[in-house]
């Protein structure tokens, strides 16, 4: 039996994810192993404004596995369900991403023709995310030594990717950004949380989806 598509799984689980207070950030299906030992891997990426602990993620994993088992789209194919939060170095593509990234360092790439926020600056630069205000976002430039705040229209930003940080920002730099978004880790602690909170629940389609090993 062929595996369902990413879009099909997204449609199946989107309502449940939303009811549990999460945003569905992505679904990815792949195959692990070969031939008779092959199984499907279903990776579900979720996020929320509130901090999510491992117990919350584990509960969501069990609920999703029950839903997928009831839908029957995998037939007798065994599958591994992995529910995870976005990685540290995530791209910012929606307003909620900017809100949750407040206080984080990002690498900004401006669209062609957009003016850099600092005179004589480059179209690609690092900044710390400040408050989102409608169609614009505050950015703190200058790092620890010369921090200053500018405002950039979101329409001028072609790409923004959160950067991994191993050292804390300067106090003034973080103050200008408005602090860290509630429930988010303090910048500079990425060595302890390099891949986000992950909870993997192995599930075999013919077994009870609420049983399994939570790693």
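In my numbering, the protein residues as written are 5 to 219. Even for Gly, the Cβ is constructed at its ideal location relative to N, Cα and C.
One alpha carbon belongs to residue 9, the other to residue 102, and they sit about 29 Å apart.
When Cβ pairs closer than 8 Å are counted between the two stretches, the segment 157 to 164 is seen to touch the segment 108 to 125, the count reaching three or more. Judged by beta-carbon spacing, residue 50 lies beyond the 7 Å limit of residue 31, meaning their Cβ atoms are not closer than that value. With respect to the 7 Å criterion, residue 20 and residue 71 are classified as neighbours on the basis of their beta carbons. Taken in chain order, the complete beta strand (DSSP E) segments of 3 residues or longer contained in the segment 21 to 94 are 27 to 36, 43 to 51, 83 to 88. Taking the CA atoms as reference points, residue 35 sits about 21 Å from residue 66. In its chain, beyond the 5 residues on either side, 7, 33, 34, 35, 36, 78, 81, 82, 83, 84 have a beta carbon closer than 8 Å to the beta carbon of residue 44. Residue 16 carries a helical assignment under DSSP once its states are collapsed to helix, strand and coil. Positions of the alpha helix (DSSP H) runs, each at least 4 residues long and wholly inside the segment 90 to 169, are given as 99 to 104 in order along the chain. For residue 181, the enclosing alpha helix (DSSP H) covers residues 175 to 181.
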